Amino acid sequence: MKMTMKWLGVFLFCSVMLQAQTPKKAAAQKPKAKATTAATPQAGPKLADGIYTEIETPKGKMLLELYYQKTPVTVANFIALAEGTHPYVSENLKGKKFFDGLTFHRVIKDFMIQGGDPAGNGSGGPGYAFKDEITEDKFTGPGILAMANAGPKTNGSQFFITHKETSWLNGKHTIFGKIVTGQDVVNAIAQNDPMTKVTIIRKGAAAKAFDAVKVFSDYYGAIAMEEQKAEAARKAANETVLKEFMEKGQVTPSGLRYIVIQEGTGEKPLATSNVKVHYTGMLTDGKIFDSSVQRGQPIDFGLNQVIKGWTEGVQLMPEGSKYKFYIPYQLAYGDRGAGGVIPPKADLIFEVELLKINSK
1 MKMTMKWLGV
11 FLFCSVMLQA
21 QTPKKAAAQK
31 PKAKATTAAT
41 PQAGPKLADG
51 IYTEIETPKG
61 KMLLELYYQK
71 TPVTVANFIA
81 LAEGTHPYVS
91 ENLKGKKFFD
101 GLTFHRVIKD
111 FMIQGGDPAG
121 NGSGGPGYAF
131 KDEITEDKFT
141 GPGILAMANA
151 GPKTNGSQFF
161 ITHKETSWLN
171 GKHTIFGKIV
181 TGQDVVNAIA
191 QNDPMTKVTI
201 IRKGAAAKAF
211 DAVKVFSDYY
221 GAIAMEEQKA
231 EAARKAANET
241 VLKEFMEKGQ
251 VTPSGLRYIV
261 IQEGTGEKPL
271 ATSNVKVHYT
281 GMLTDGKIFD
291 SSVQRGQPID
301 FGLNQVIKGW
311 TEGVQLMPEG
321 SKYKFYIPYQ
331 LAYGDRGAGG
341 VIPPKADLIF
351 EVELLKINSK
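Numbering (the working numbering), first residue to last: 1 to 360.
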């Protein structure tokens with residue numbers, strides 16, 4: 001059914017790089033002249049200790065500071081992608097400097113430039129997703145470097161750099177850096193302009209000691225173990241709930257299971273009927289994700305406008321009934337889940353009271 005949930009999803013991205021400079025040969029009459037080193041942008045700013053990235057484009061170069069101490073996992077991910085050392089990318093991307101050659105596939109005037117998508121259209125990624133690292137930093141102006149996402153814990157490789165203040169994004173996207181020089185380049189970027197090279201610059205002992213691969217691997221290994229434990233707990237809870245329905249309930253050919261809590265005496269609705277119901281929706285572990293009962297306000301809707309499990313199940317109910325449904329994920333929100341609240345392939349439990357058939 002259509003639940004009252006907020007859907008998150010602003011897809012934005014970006015990248016960075018530093019081009020090595022060729023040392024200039026000192027003139028014979030000036031033997032003390034110093035050559036420019038390959039690790040420092042020629043005629044660029046004097047950099048404080050930290051980690052930086054330089055993105056080279058046909059429009060010029062951008063130099064950005066990376067917040068490796070505030071957002072270590074996000075910065076580790078960016079560095080490992082940029083340097084081609086990321087252990088969790090898809091097999092076809094392993095060993096490749098991920099950002100080099102990708103485009104800024106999405107540019108919105110007076111908003112941001114977005115890049116980091118190997119598909120070039122906003123739908124691609126590196127083959128994994130990771131958590132948000134929301135800090136006290138805000139989208140207060142131009143030059144903010146942040147991760148694009150499709151909701152909580154969906155970060156991958158796409159990022160964006162702002163043109164101006166975008167306060168409505170506060171708390172929704174991980175800010176992991178800021179522009180040092182090159183905001184004019186950011187402002188000049190047009191859609192599909194490429195990132196020709198992305199380079200990481202490390203200044204100081206702490207920055208040089210930051211092991212991006214280890215930081216991300218430590219996080220991802222730990223989260224994988226947590227997810228395995230959570231999945232085992234979900235399966236155990238699911239088996240317990242399913243046992244109750246098998247012992248006390250009935251099952252339809254589609255796999256929908258139901259227990260009659262209270263049998264009504266009125267007519268049964270049709271698939272095209274408009275009905276008024278009270279309901280409580282739960283995951284199989286008992287966690288409530290939506291409830292008209294808790295809000296104290298029943299809802300009206302057409303039975304042909306909701307998930308398949310609802311359309312089928314409510315038609316079984318005489319007016320005045322209260323049923324408890326076990327809805328397999330195929331009859332609910334499928335492989336994708338919903339709104340960051342319902343996990344992928346989640347079987348659902350609904351307690352539904354059919355208050356009234358508004359119309360057939």
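Here a beta-carbon is modelled for each residue, glycine too, at the ideal position from N, C-alpha and C.
Treat the numbers as computed from the prediction; the structure is a model and nothing was measured.
Legend entry - Which listed residue (F159, P328, I144 and E91) has its alpha carbon closest to that of A150: Out of F159, P328, I144 and E91, F159 has the C-alpha closest to the C-alpha of A150.
Inset, instruction - Note down the Cα distance separating Q294 from E351, rounded to an integer number of angstroms. - result: Looking at the two C-alpha atoms, the distance is approximately 12 Å.
Inset, instruction - Determine the DSSP secondary structure at V277, reduced to helix, strand or coil. - result: Under the three-state reduction of DSSP, V277 is assigned to strand.
Inset, instruction - Helix, strand or coil for M246, going by three-state DSSP, please let me know. - result: M246 falls in the helix class under three-state DSSP.
Legend entry - Residue span of the beta strand (DSSP E) that contains K59, given as start and end: That residue, K59, is in no beta strand (DSSP E); it is neither H nor E in DSSP.
Legend entry - Spatial distance of N121 from M147 (CA atoms): Computed Cα separation, rounded: 16 Å.
Inset, instruction - Could you tell me if R336 is buried or exposed, where buried requires 16 or more neighbouring beta carbons within 10 angstroms of its beta carbon? - result: exposed
Legend entry - Reference I161; option with closest CA among P253, T154, P152 and T140: T140
Inset, instruction - Report yes if the C-beta of V293 is less than 7 Å from at least one heavy atom of the ligand PLP; otherwise report no. - result: Ligands displayed in this structure: none; no statement on the ligand PLP is therefore possible.
Legend entry - Straight-line gap, T181 to Y326 (C-alpha atoms, nearest Å): 57 Å
Inset, instruction - Can you say whether P126 is buried or exposed, counting buried as having 16 or more other CB atoms within 10 angstroms of its CB? - result: buried
Inset, instruction - Leaving aside the five residues before and after I223 along the sequence, list all residues of the same chain whose C-beta is less than 8 Å from its C-beta, in chain order. - result: F130 and K131
Inset, instruction - May I have the straight-line CA-CA distance separating K214 from V89, to the nearest angstrom? - result: 15 Å
Legend entry - Assigned secondary structure, D184 (DSSP; H/G/I helix, E/B strand, else coil): In the structure shown, D184 sits in a helix (DSSP, three-state: H, G or I).
Legend entry - Bridge partners - L145, DSSP secondary structure assignment: I161 and G177
Legend entry - Separation of E239 from P152, as counted between CA atoms: 28 Å
Legend entry - Rounded straight-line distance, which links the Cα of Y128 to that of Q228: Y128 has its alpha-carbon roughly 16 Å from the corresponding atom of Q228.
Legend entry - Within 8 Å, strictly: CB atoms of E312 and G264: In this structure, G264 does not lie closer than 8 Å to E312 by Cβ.
Legend entry - Exposure label - K322; buried when at least 16 CB within 10 Å: buried
Inset, instruction - Identify which residue in V314, G95 and Q191 has its Cα closest to the Cα of L354. - result: V314
Legend entry - Spatial distance of K138 from R234 (CA atoms): When rounded, the distance between both Cα atoms is 36 Å.
Inset, instruction - Measure the C-alpha to C-alpha separation of F78 and T85 and round it to an integer number of angstroms. - result: 10 Å
Legend entry - Length of the line joining the Cα atoms of P343 and D184: 42 Å
Legend entry - Same chain, Cβ closer than 6 Å to A188, five either side skipped, listed in chain order: K59
Inset, instruction - Report the partner residues of E351 according to the DSSP bridge assignment. - result: T280 and K324.
Inset, instruction - Tell me the start and end of each unbroken beta strand (DSSP E) in the segment 195-225 that is at least 3 residues and wholly inside, in chain order. - result: Secondary structure within the segment 195-225: the beta strand (DSSP E) runs of 3 or more consecutive residues, fully enclosed, are 197-203 (chain order).
Legend entry - Identity of the residues DSSP links to L412 by a beta bridge: Look at the range of the chain in this structure, 1 to 360, and you will see that residue 412 is not part of it.
Inset, instruction - Mark W168 as exposed unless 16 or more other C-beta atoms lie within 10 angstroms of its C-beta, in which case mark it buried. - result: exposed
Inset, instruction - For F98, I'd like the list of residues in its chain whose CB is within less than 6 Å of its CB, leaving aside the five on either flank, ordered along the chain. - result: L81
Inset, instruction - Please list the segments of the beta strand (DSSP E) lying wholly inside the segment 279-309, counting only runs of 3 or more residues, in order along the chain. - result: 288-291 and 299-302
Inset, instruction - Give the straight-line distance between the Cα atoms of G302 and E91, rounded to the nearest whole angstrom. - result: 46 Å
Inset, instruction - Just the C-alpha distance for V251 and V241, rounded to the nearest angstrom, thanks. - result: Rounded to the nearest angstrom, the two C-alpha atoms are 14 Å apart.
Legend entry - Residue from Y333, L66 and K94 whose Cα sits closest to the Cα of K345: Taking only the C-alpha atoms, the option nearest K345 is Y333.
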